[in-house]
Every structure is written in C-alpha cells, then in structure tokens.
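Student: In my numbering, the protein residues as written are 701 to 1093. C-beta atoms are modelled at their ideal positions from N, C-alpha and C, and glycine is treated no differently. Let me begin by handing over the structure; questions about it come next.
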C-alpha cells in the first residue's frame, strides 16, 4: 500500500509571518508620515498666524551686513544666499585645516606616549590628560581672550623679519601674487604629482615581482617639489609678494589671519588631537609584539618595521574611531559663534536668521548641510578603511 502524500497545511493570511510583518511595517510607516505631516502643517499654520515667513524668498534678499572673513567676493549689498556660501566655505576651511593638523599632532603625540624616553612619554601623557578633560568651549575662550586678545596694538606689533606682523587684530603676512608665466609652475606641480603616483605604482609592482625596493620617498619629493622649483626659476620667478604695511592704526595689504580663526583652529586642533593620540596609541599596542620580533628576526631595521609591519596593521584598528573624531571636529566647529568667527552657524543660523525671521527654513538648511558634510566624510573614510582592510585570499 503506497503512502499518500498530504498537502502542506494552509496558513491563514493573518498568521503568515511575511504578510503580518509587511502590514505592521506599512502601518508604522504611515503613522510616521502622518506624524511628520501633522507637525509640519501645525508649524506652517502657527508661522502664518504670527507673520513668520514660510517660503524661501529671503534667499535672494540683501543681507545688509558685513563679514570680516570671506573666501569669495561679498559685501553688505550681497544676497542672503551669498552669505550662506561665505559661512559654508569658512566652515569647510576650518574643518579641512583642523583635520590635517589634528591628525599630524595626534599621531605624533600618540607615538610619543609609547616613547622609551621617560620625559617625552610623561609630557605626552600630561598633554592628553589635560586637554581632553577640559571642555572645548573653555579652551576656545582661553585661546581667544587670554592669549590672542592681550597681544599689542598694530602700532606695537611683534615684527618677524619685517614681513610678518602679529598683533591683537591678527597675523599679517605677505600675500603671493602670481605673475605672467606662473601657470607653467602649476603644470609642473601637476606633472610632478602624476609622476610620483606612477613611480609608486611601478615600485609596488617591481617589489611584488622581484622583491627589490625603490626609494619612492626621496624621488617623490624631488618630483613634487624639485620639478616646480626648477620651472619656477627657469620662468624668471613669476611670483611677487604684497608685503603688509602699517598705515594709520592698522596694516594695509598682505594677508590676515584673524584672531577668531587662529583661536578656533588652535582649540579644535589641540582638543581633537588629544583623542586621536589615544586612538593611535591603542592601535599600535593592538599589534602583537611577535610581529616586531618576527620582523627583527628577518633582519628588518626599526624604521622599515614600523612602516611595513606595525603601521599597516595598526591602521586597521585606528581608522574607524578616527572617523568619529573627524566628524566631531566638523560638528564642534559650530562653537565658533562663541568667539565671533563667521562660520555657517554664526553667519547663516545667526545673523541671517535674526534679520529674516525664517527660523524653520534656516535651521533645516543648516542641519542638512552638516548632515551632508558628515555623510561625505564618513563615506570617504569608509572607502579608505575598506582599502586598508585585511583581504582574504
């Protein structure tokens, strides 16, 4: 007698996990959309009753205020949209320089904490434990009010070789003015960078195939620095400098780093570097000691051991928390408003908001900008982390 195959039991629509989960997720999505729509409609109604603008017409209206630092042309007659770009570029400038400087200082201090010199290690420890345990806002106020503001007036400026002048209005320095023919120097720099990248690719391929090493570092420096210098002198040094000169109660000409910019950069750099130093120290300590011993047994010197064995393995531990510190630095730059530096928050979410009253629109735009910058930074660091990750065969 043959066994009869029975059909699988039918599951009711409501008891099916797939459809039940789909219904719950759709209901939750509709609830969230309704909540956001209700909040937005309520906000628009309240804004309309109080005469608060609900559109973006403020963007093209005159800003009617000056900004003391602008990377693009700007005046009080410019639009509020122009003021937005000025504040955004100032924020990006501070963030970019801060990321570079904090990385350099953080890696140096992190390595110093592991130094065999007792004095160097203790000084690095004191720096880390002091800076990272003092609120950043207090450090910004310290650099601005206690260090930079007490500097002498322009007429009593600290002069360095009669070209650099430091006073309570900032650091005045010569401004380079490219002349005719300087374009060849830029082309030489681009060619040097391309040649250095090609050399690095060739050196890696040669090392994989033959085991022979190529001195990439000195040759790259010669290509990137030496080649443009040769072209610069051959072109007749097509670069002039506008030296700042004291006229009346202030300096005229040249370039100026404002006290607000210097204080913000010092505070952000030193504060973030103290956290990066601990990340670097932890990353180096995470590499097993046997790796160094194995490299020494193969005859590698300490320098190549750090470069080829320790650092590549440590970077896999360092990069993820390092990304968080970069994001913290970018967001902490919004504290510039407390010392008067014209960043995005101070210019757009401060002055423009007060002048136009378009609070909701301006705050939403500002939040979206910081979100976009953070996402781009995270994406770039994730790509670098993926490149440095251990690849299985």
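Determine the DSSP secondary structure at residue 974, reduced to helix, strand or coil.
Tutor: Residue 974 falls in the helix class under three-state DSSP.
Student: If the criterion is Cβ atoms closer than 9 Å, does the pair residue 806 and residue 973 meet it?
Tutor: Cβ atoms of residue 806 and residue 973: closer than 9 Å.
Student: Any contact of the segment 781-797 with the segment 1035-1053, i.e. 3+ C-beta pairs under 8 Å?
Tutor: Yes: the two stretches touch, three or more of their Cβ pairs being nearer than 8 Å.
Student: In the DSSP assignment, the beta strand (DSSP E) including residue 782 goes from what residue to what residue?
Tutor: From DSSP, residue 782 is part of no beta strand (DSSP E) but of the alpha helix (DSSP H) over 780-813.
Student: Using only alpha-carbon positions, find the residue among 797, 1060, 872 and 919 that is nearest to residue 959.
Tutor: Selected option, being the one with the closest Cα: 872.
Student: Give the straight-line distance between the Cα atoms of residue 1032 and residue 968, rounded to the nearest whole angstrom.
Tutor: Rounded to the nearest angstrom, the two C-alpha atoms are 7 Å apart.
Student: If you draw a straight line from the alpha carbon of residue 810 to that of residue 952, how long is it in whole angstroms?
Tutor: The alpha-carbon atoms of residue 810 and residue 952 are separated by roughly 42 Å.
Student: Taking only the alpha-carbon atoms, compute the straight-line gap between residue 898 and residue 891 and give it to the nearest angstrom.
Tutor: For residue 898 and residue 891, the distance between alpha carbons rounds to 10 Å.
Student: Helix or strand or just coil, what does DSSP make of residue 770?
Tutor: Three-state result, residue 770: coil.
Student: Let me know if residue 861 comes out buried or exposed under the rule of 16 or more other beta-carbons within 10 Å of its beta-carbon.
Tutor: So residue 861 counts as exposed.
Student: Could you tell me whether the Cβ atoms of residue 812 and residue 801 are closer together than 9 Å?
Tutor: Contact: no.
Student: Determine the DSSP secondary structure at residue 1074, reduced to helix, strand or coil.
Tutor: Reduced to three states, the DSSP call for residue 1074 is helix.
Student: Quick check on the DSSP output: the alpha helix (DSSP H) that includes residue 721 runs from which residue to which?
Tutor: Run containing residue 721: 717-749, per the alpha helix (DSSP H) assignment.
Student: Do you know whose CA, among 1085, 1062, 915 and 965, lies nearest residue 1017's CA?
Tutor: Measuring from the Cα of residue 1017, the nearest candidate turns out to be 1085.
Student: My assumption, with CB atoms under 8 Å, is that residue 884 sits in contact with residue 931. Please give the rounded CB distance.
Tutor: Yes, residue 884 and residue 931 are in contact; Cβ-Cβ is about 5 Å, under 8 Å.
Student: How many angstroms separate the CA atom of residue 751 from the CA atom of residue 1058?
Tutor: Residue 751 and residue 1058: Cα-Cα distance of roughly 10 Å.
Student: To the nearest angstrom, how far is it from the Cα of residue 701 to the Cα of residue 729?
Tutor: Note on residue 701: pLDDT 47, under 50, position unreliable in the model; the coordinate value appears next. Using only the alpha carbons, I get a separation of about 55 Å.
Student: Counting Cβ pairs, one atom from each stretch, are 3 or more of them under 8 Å apart for the segment 1064-1083 and the segment 995-1009?
Tutor: The segment 1064-1083 vs the segment 995-1009: no contact.
Student: Please classify residue 859: does DSSP put it in a helix, a strand, or coil?
Tutor: Here residue 859 sits in strand by DSSP.
Student: Tell me whether residue 835 is buried or exposed, calling it buried when 16 or more other Cβ atoms sit within 10 Å of its Cβ.
Tutor: By the neighbour-count rule (16 or more Cβ atoms within 10 Å), residue 835 is not buried but exposed.
Student: Apply the 10 Å Cβ neighbour rule to residue 902 and answer buried if 16 or more other Cβ atoms are within range, or exposed otherwise.
Tutor: The residue in question, residue 902, is exposed, as its Cβ has fewer than 16 Cβ neighbours within 10 Å.
Student: Quick test of your reading: residue 1039 and residue 1014, contact by CB under 8 Å. State the CB separation rounded to the nearest angstrom.
Tutor: No, residue 1039 and residue 1014 are not in contact; Cβ-Cβ is about 36 Å, not under 8 Å.
Student: Does the Cβ of residue 1025 have 16 or more other Cβ atoms within 10 Å, making it buried, or fewer, making it exposed?
Tutor: By the 10 Å Cβ count, residue 1025 comes out buried.
Student: Tell me which residue opens and which closes the beta strand (DSSP E) that residue 948 is part of.
Tutor: From DSSP, residue 948 is part of no beta strand (DSSP E); its letter is neither H nor E.
Student: Using 8 Å as the threshold, is the segment 823-832 in touch with the segment 974-981, meaning 3 or more CB pairs across them?
Tutor: The answer is yes - the segment 974-981 touches the segment 823-832, with three or more Cβ pairs under 8 Å.
Student: For residue 1082, name the three-state secondary structure that DSSP assigns.
Tutor: Correct three-state label for residue 1082: helix.
Student: Start and end of the alpha helix (DSSP H) containing residue 918?
Tutor: Note, residue 918: alpha helix (DSSP H), 916-921.
Student: Under a three-way DSSP split, which group does residue 981 fall into?
Tutor: In the structure shown, residue 981 sits in a helix (DSSP, three-state: H, G or I).
Student: Please look up how many angstroms separate the CB atoms of residue 936 and residue 881, rounded, as I've assumed it's under 8 Å.
Tutor: Going by Cβ atoms, the distance from residue 936 to residue 881 rounds to 7 Å, so yes, they are a contact pair.
Student: Kindly say whether residue 820, judged by its beta-carbon, lies nearer than 9 Å to any beta-carbon of chain C.
Tutor: In the displayed structure, chain C is absent; only one protein chain is listed.
Student: From residue 791 to residue 1044, what does the alpha carbon distance come to, in whole angstroms?
Tutor: Going from the Cα of residue 791 to the Cα of residue 1044 covers about 6 Å.
Student: Buried or exposed: residue 846, going by 16 or more other Cβ atoms within 10 Å of its Cβ?
Tutor: Exposed, by the Cβ-count rule.
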